[in-house]
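Novice: Got a structure for you, written out below as structure tokens; questions coming shortly.
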């Protein structure tokens, strides 16, 4: 069971939930379950979200596994200069 | 646009005089080629004066030095003779732009561009320099401060060309200096420029002086009360304070992208103090 | 308007070209003669990326008309190496990693060579002020100044 | 992706050395080809007509005069770039910025373009395009733009991120909030609170090479483009989307790039060049002038930031809060959000809240600039931290060390940190001789910390072994600062061959799979990961070929020192096969030998730096001279230390320019006053001292060599470090960047700041 934290902007699309408990083995499954529970998140999960797993930010990697008890944080994607 | 490279001054003058549209003399070109980049620029004629015999020479007579209109500021900076006689003029000329600009720009061009911020002009004005002008109606020699009349405008008649800048030989115990303020250390247009030229008597008192300010008014200012503030003194602190106050008060600056009114007023006083001190030292003052 | 015929010398070779009156030397070098080593960073003499030598003087090619090249001798970055033998400045720029994007590099090399030809033993301050007309946005100038110092030392043979 | 990217400690042969870069000779001889150095046969000169107004409705455009001019081959307006964006707002904004549709939003906004046989004709053609404008009131200033009285730029933008959803359009495009705890409770616990407001002016990346491209579009829908860009795959995608091309039919070649720093991360006039080429039926070259670069590419945000931080007397920060307003130009972006995310990232805070606003103004569309948005936030926060330390009576480094984030700290932007480098950079600063050097009259020392995220992204690499055992490496990340040298080192390391035997090239979009652009400090981080993977795949093939040659099981073949070696004693004394031996017979053992890799290089790891700076302030003129500068930053592992140092020094220099003199200056008419290098004052050589660097190597656990991105963080601390130094030298707290001489002098004279 992972504890998924949402940034304020994303929480607004998920019934204002800042913390969600979800059982998921990887990022793809996490996204699928989030979409099922909060359809409002679907468009942003498609392209605009990065996943921080224990502090390390993953941008594009569905196959990344979520360790047990990992701290998951969803945030808007980054760009740089 | 037509490009001409006459061999004589008279040919140059008559080409310029005969142009129907706008016509420009090209010496260093470091201002002209910049405005040519502008999409609105339109000229009928450009007359390159660099092939005219003698225009790239610095000459010495018994009374004066003349700097030809095609002498680059880099070449001017290599003249030991001028560096000794008019170090402030040479250092001002050598502050224009970068090493690359120095390789092309000229003091005559700097003067005729008529920018209030031109670096060499306050130094020339303080030095009492004169411009030797040739034109379709004959030659004339006038003080350099009479050439720029407004930003970008000169008193030259159509067809007139500045052939050379004349600097008189100096009395002993004389010195000059130019300081400017720019936000960087190089590659900027003066926010404030101050030139001081002075002579001392045997006791070390200032007997004559000329103080000129740049970038603080539509044209370079010759500030006579500033000279009066230091004449008869050994540049004691009180005299320098008076000089600074007079210079600050003489400014009629504007707020623009390069500085504010308040800043220009304050800094012209500061630089006047510092430049006077350098000129005084160069004159052998103690 | 008819074109102007110009005869000049570039990197020791006699060259003839035609240009319009308003074309700059930089336009001619880059567009007519295929010498694209000089770069146009600003077109107004503020960046030094188009530095070349005209009759032994360092200038910005963007502030010289092509027609002015008549009868003059021009040196560009393309003439700096002697065949496949790089000039010591070129070698030192490589060894000191004095370039990142490299677009300012030809201008810096031409300017630095002009400095060392005139002053074989410049101080750091002299180097910095001489090169103040060459903008670099990548390096912070540190490695460029070191490369020039090192090349100067090598050229002096010490 | 089967590649194991985990860090393993090892000794290196090539990595960490400082060889000459492979593209070096081309660059010192003038042979390297940049954006404007390329020509196609029959090409036309393209020019863009730009709005002279800051804000105007385009009533009509009459191009007939230009079209009648002899030598003009095409004229395009927005009508020639129809909206194919299908509801994608980000893409539509790029399109609208490339060519204004109903309104011109800033001085310099493109409204039409021409292609003609030469520059003179193109220039004349621009004059013959008649645009009727209805000039509208404009707003330039970020604080003015948020006032209810301000002219509203867009009637389709409603503030996002607030509840309930607003019913009226606003220049505030979005609000975002980060943090945790309860700041009100935290401030109640504080013994000392410092609260200040700061402003920073808009700056430009200032790359020396203006944007340039040559575009050629064929009637069959295929097209080619040569362009200076930080990401040719991204440019291909943008252009294909905007022009309705099949992505794979547009081949984009990235030229050498003369600097980008974020400014060449998405398209500007490139789609216009393609549209002109499509209409003219000939290749079209567009080179921006420097004036156009300043007016119409993508500078960074101007900002207005309020900070409040409270601490106990023992130096524990109890609460920190910031409100950050970032200008975006006319289009919504995420610059305020980045500012809010990065503002307090260096510290471990119990109660923290940051709120970012995206503000629309009549300025060019803001683009990324090296660690985008972080320097301004760091300026505000690090200035406040310094003042707070002084009020409490603690040393500025001690105070920061006491509050620095560490492994396990919940970051202010949300996630909990893994192993991070802020503490070590502060300790290195504390022990650096610079901190103890004596200071003279009117001199002061300042220091500050900075943070940036870094990232990795999609990466594709090919490594081909030549018949003589040398290798070519094809990467898709544009080399902006020496990456080909670093990647050649990595390939040499993995293959066990000399660096000189590797040649790295940047492949075009038709020759390699998709790569994200070179931004987010990802070039060397991600492409080195892909290079290691590709090289290991090639080594696998090399071992197989050796096994075949020897007729032994591949499990008995190891790769060592650039050779295949048989391990088991039963194979007798088989002499090692060198890579050249194996390559020579490749045609008989199964054909060409290559290693390929495609991966998502995630796990870049956040980056921290601490800078120290000494300045001297002339109290009579307000002029500031940088006397000494030291950069301390964690690189994870420095692959080519010269270019790591170069990134540190370059970032510091850009930060120094930003801190002291660089700014966009607008007139009352909303026009940019200083679109050139004369009055947009980037540092020149004589402005700077040598810039000392100290590279820390705290391995990134998510990279095989421990590499972290290094390109961006170095621009984050300088604004604050210099502001703190000026404050210590002159005794006045500067709250407005740039700290130009008039601003410093005004502050010294006790006047209100300009």
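Chains as they are written, first to last, in our numbering: chain A, 1206 to 1286; chain B, 11 to 296; chain C, 67 to 224; chain D, 3 to 756.
In this text, a Cβ means the ideal position worked out from N, Cα and C, and glycines have one as well.
Since this is a predicted model, take the numbers as computed values, not measurements.
In this structure, how does DSSP classify residue 71 of chain B when only helix, strand and coil are distinguished?
Specialist: Note: residue 71 of chain B maps to coil in three-state DSSP.
Novice: Would residue 193 of chain D be called buried (16 or more neighbouring beta carbons within 10 Å of its own) or exposed?
Specialist: Residue 193 of chain D should be labelled exposed.
Novice: Would you say the beta carbon of residue 593 of chain D is closer than 7 angstroms to some non-hydrogen atom of the ligand GDP?
Specialist: Because no ligand of any kind appears in the structure shown, any question about the ligand GDP cannot be addressed here.
Novice: Pairing CB atoms from the region 64–78 of chain D with CB atoms from the region 144–152 of chain D, are three or more of them under 8 angstroms?
Specialist: Because the criterion of three Cβ pairs below 8 angstroms is not met, the region 64–78 of chain D and the region 144–152 of chain D do not touch.
Novice: Since residue 73 of chain B contacts residue 178 of chain B with CB under 8 angstroms, what's their CB separation in whole angstroms?
Specialist: 6 angstroms between Cβ atoms; contact.
Novice: Could you spell out the range, first to last residue, of the alpha helix (DSSP H) harbouring residue 1216 of chain A?
Specialist: It spans 1213–1216 - the alpha helix (DSSP H) in which residue 1216 of chain A sits, taken as one unbroken run.
Novice: Pull out every residue of the region 1207–1222 of chain A whose Cβ sits closer than 8 angstroms to any Cβ of chain D, in chain order.
Specialist: Listed by position, the residues of the region 1207–1222 of chain A near chain D (Cβ gap below 8 angstroms) are 1210, 1212, 1213, 1214, 1217.
Novice: For residue 594 of chain D, I'd like the list of residues in its chain whose CB is within less than 8 angstroms of its CB, leaving aside the five on either flank, ordered along the chain.
Specialist: Closer than 8 angstroms at the Cβ level, and outside the excluded window around residue 594 of chain D, lie 466, 467, 588.
Novice: Which two residues bound the contiguous alpha helix (DSSP H) that contains residue 381 of chain D?
Specialist: Element bounds for residue 381 of chain D: 376–394.
Novice: Under a CB-based cut-off of 8 angstroms, is residue 500 of chain D close to chain E?
Specialist: In the structure shown, chain E does not exist; the protein chains are A, B, C and D.
Novice: Of all Cβ atoms in chain D, is any one closer than 8 angstroms to the Cβ of residue 152 of chain C?
Specialist: Interface residue, yes.
Novice: May I ask which residues mark the beginning and end of the beta strand (DSSP E) holding residue 11 of chain B?
Specialist: No beta strand (DSSP E) contains residue 11 of chain B, which DSSP labels as neither H nor E.
Novice: Under 8 angstroms, with one C-beta from each stretch per pair, do the region 716–731 of chain D and the region 444–454 of chain D reach the 3-pair mark?
Specialist: With a cut-off of 8 angstroms, the region 444–454 of chain D and the region 716–731 of chain D count as touching, because enough Cβ pairs lie within range.
Novice: Would the region 735–742 of chain D count as touching the region 196–215 of chain D if we require 3 or more Cβ pairs under 8 angstroms?
Specialist: Yes, they touch.
Novice: Establish whether the CB of residue 265 of chain D and some CB of chain C are separated by less than 8 angstroms.
Specialist: Not one chain C Cβ lies under 8 angstroms of residue 265 of chain D.
Novice: Compare the C-beta of residue 1281 of chain A against all C-beta atoms of chain D and say whether one is closer than 8 angstroms.
Specialist: So, interface residue.
Novice: Is it buried or exposed for residue 66 of chain D, if we count other Cβ within 10 angstroms and need 16 for buried?
Specialist: By the 10 Å Cβ count, residue 66 of chain D comes out exposed.
Novice: Name the residue from D:113, D:396, D:279 whose alpha carbon lies nearest to the alpha carbon of residue 44 of chain D.
Specialist: Answer by Cα proximity: D:279.
Novice: Taking 6 angstroms as the limit between beta carbons, can you name the residues of its chain near residue 3 of chain D, skipping five residues before and five after?
Specialist: Because the pLDDT of residue 3 of chain D is 45, which lies under 50, any placement of that residue in the model is unreliable, and the number read from its coordinates should be weighed accordingly. Within the same chain, residue 3 of chain D has close Cβ partners 601.
Novice: Count the C-beta pairs between the region 105–121 of chain D and the region 56–66 of chain D that are closer than 8 angstroms, then say yes if the count reaches three, no if not.
Specialist: Yes: at least three Cβ pairs fall under 8 angstroms.
Novice: Note down, one range per segment and in chain order, each beta strand (DSSP E) of at least 3 residues found wholly within the region 94–178 of chain C.
Specialist: Correct list: 117–120, 123–126, 139–141.
Novice: Taking one C-beta from the region 101–117 of chain B and one from the region 117–125 of chain C each time, how about it: are there three or more such pairs within less than 8 angstroms?
Specialist: The region 101–117 of chain B, when compared against the region 117–125 of chain C, does touch it at the 8 angstroms Cβ threshold.
Novice: Rounded to the nearest angstrom, what separates residue 43 of chain B and residue 92 of chain C at their Cα positions?
Specialist: Between residue 43 of chain B and residue 92 of chain C, the C-alpha separation is close to 12 angstroms.
Novice: Please report how far the alpha carbon of residue 253 of chain D lies from the alpha carbon of residue 171 of chain C, in whole angstroms.
Specialist: Between residue 253 of chain D and residue 171 of chain C, the C-alpha separation is close to 29 angstroms.
Novice: Against chain B, which members of the region 665–677 of chain D pass a CB distance test of less than 7 angstroms?
Specialist: Answer set for the region 665–677 of chain D: 667, 675, 676.
Novice: When you compare the CB of residue 444 of chain D with every CB in chain B, is at least one pair closer than 8 angstroms?
Specialist: No, its Cβ sits nowhere closer than 8 angstroms to a Cβ of chain B.
Novice: Would you mind telling me which residues of chain C sit closer than 7 angstroms to residue 686 of chain D, beta carbon to beta carbon, in chain order?
Specialist: Simply 198, 201.
Novice: Please confirm whether residue 263 of chain D and residue 371 of chain D have their CB atoms less than 8 angstroms apart.
Specialist: Yes. Within cutoff.
Novice: Within 8 angstroms (strictly less), CB to CB, does residue 194 of chain C reach chain D?
Specialist: It does; some Cβ of chain D falls within 8 angstroms.
Novice: Report back the beta-carbon spacing between residue 480 of chain D and residue 233 of chain D to the nearest angstrom; my notes put them in contact at under 8 angstroms.
Specialist: The Cβ separation is near 6 angstroms, so the contact holds.
Novice: Going along chain C in order, which residues have a C-beta closer than 7 angstroms to the C-beta of residue 60 of chain D?
Specialist: Those within 7 angstroms of residue 60 of chain D in chain C number zero; the least Cβ separation is about 28 angstroms.
Novice: Please classify residue 1248 of chain A: does DSSP put it in a helix, a strand, or coil?
Specialist: Helix, per DSSP.
Novice: Would you kindly work out how many angstroms separate the C-alpha atoms of residue 310 of chain D and residue 90 of chain D, rounded to a whole number?
Specialist: Their Cα atoms are separated by approximately 38 angstroms.
Novice: Can you tell me whether DSSP reads residue 167 of chain B as helix, strand or coil?
Specialist: Residue 167 of chain B: coil per DSSP, three-state reduction.
Novice: Going along the chain, which residues of the region 123–152 of chain C sit with their C-beta nearer than 9 angstroms to a C-beta in chain D?
Specialist: From the region 123–152 of chain C, only 142, 143, 144, 146, 147, 152 have a Cβ closer than 9 angstroms to chain D.
Novice: Measure the alpha-carbon distance for residue 100 of chain C versus residue 96 of chain D and round it to whole angstroms.
Specialist: Rounded to whole angstroms, residue 100 of chain C to residue 96 of chain D spans 34 angstroms at the Cα level.
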